[in-house]
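S.K.:
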Ligand code: RP5
């Protein structure tokens with residue numbers, strides 16, 4: 042199982058490190074590419090083909106501003122594409138809207154903006170992969186159980 046994380050710029054990397062770290066927690070292999078829908082369109086197209094041939098099962102695409110990357114990736118593949126809108130000078134609203142408003146027929150699963158989305162993209166990718174790999178379903182259940190324990194633990198020492 043393999044996830045391809047594509048980001049439009051190395052300036053997205055500090056945010057998208059969380060995606061990689063979370064995939065590692067679940068033992069998922071991944072590769073990271075910096076490729077832009079606008080700056081390197083030909084290389085992007087070429088990479089998507091190559092990633093599919095070498096076993097990618099889910100794409101995660103992160104971009105900011107006029108964030109067309111995830112949509113362009115989706116236009117070249119039938120695999121699921123998860124989009125992560127990056128922050129921008131317009132508070133990421135431009136990134137969210139350009140990633141979200143895909144025309145009918147070319148869906149992108151868009152996450153929250155920034156770090157929240159970076160983490161959720163990994164978890165969502167694991168959920169997709171768990172349909173094929175049952176051991177991941179078990180790991181997801183453990184992950185949720187840990188969240189429950191962590192929240193309940195916080196009730197023990199509430200200090201005002
Ligand atoms: C997008 O433009 C990138 O994904 C990044 O979020 C934004 C700015 O890129 P840089 O100018 O920092 O390279 O394509």
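In the numbering used here, the protein residues as written are 42 to 201. For glycine and all other residues, C-beta sits at the position ideal for the given N, C-alpha and C.
#1: In the DSSP output, which residue or residues are listed as bridge partners for residue 150?
#2: Residue 136 and residue 154 - do their beta-carbons sit closer together than 8 Å?
#3: With a 10 Å radius around its C-beta and 16 neighbouring C-beta atoms as the bar for buried, classify residue 124 as buried or exposed.
#4: Compute the Euclidean distance between the alpha carbons of residue 88 and residue 156, then round it to the nearest angstrom.
#5: Between residue 49 and the ligand RP5, is the CB less than 7 Å from at least one heavy atom?
#6: Please report how far the alpha carbon of residue 97 lies from the alpha carbon of residue 47, in whole angstroms.
#7: Which full runs of the beta strand (DSSP E) of 3+ residues lie inside the region 50-128, going along the chain?
#8: With a threshold of 16 other CB atoms inside 10 Å of the CB of residue 57, please say whether the residue is buried or exposed.
#9: Using only the heavy atoms of the ligand RP5, determine whether one of them is closer than 7 Å to the beta carbon of residue 111.
#10: Checking 8 Å against the spacing of the C-beta atoms, do residue 121 and residue 99 come in under that value?
M.R.: In brief:
#1: Counting from one through the chain shown, the residue named residue 150 turns up at place 109. Beta-bridge pairing links residue 150 to 123.
#2: What you label residue 154 is simply residue 113 of the chain shown in a count that begins at 1. What you label residue 136 is simply residue 95 of the chain shown in a count that begins at 1. In contact: residue 154 and residue 136 (Cβ atoms closer than 8 Å).
#3: Taking the first residue of the chain shown as position 1, residue 124 is located at position 83. Per the 10 Å Cβ criterion, buried.
#4: Residue numbering aside, residue 88 sits at position 47 when the chain shown is read from its first letter. Residue numbering aside, residue 156 sits at position 115 when the chain shown is read from its first letter. So the two alpha carbons sit approximately 25 Å from each other.
#5: By 1-based counting over the chain shown, the position of residue 49 is 8. Distances from the CB of residue 49 to the heavy atoms of the ligand RP5 include at least one below 7 Å.
#6: As a position in the chain shown, residue 97 is number 56, starting the count at 1. As a position in the chain shown, residue 47 is number 6, starting the count at 1. Cα to Cα, residue 97 sits roughly 12 Å from residue 47.
#7: Those beta strand (DSSP E) runs which fall completely within the region 50-128 and span 3+ residues are 70-75, 97-104, 122-126.
#8: Position 16 of the chain shown, counting from 1, holds the residue named residue 57. Residue 57 is buried by the Cβ-count criterion.
#9: For the purposes of this step, residue 111 is taken as residue 70 along the chain shown, with counting starting at 1. No; taking the cut-off as 7 Å, the Cβ of residue 111 has no heavy atom of the ligand RP5 nearer than that.
#10: By 1-based counting over the chain shown, the position of residue 121 is 80. By 1-based counting over the chain shown, the position of residue 99 is 58. With respect to the 8 Å criterion, residue 121 and residue 99 are classified as neighbours on the basis of their beta carbons.
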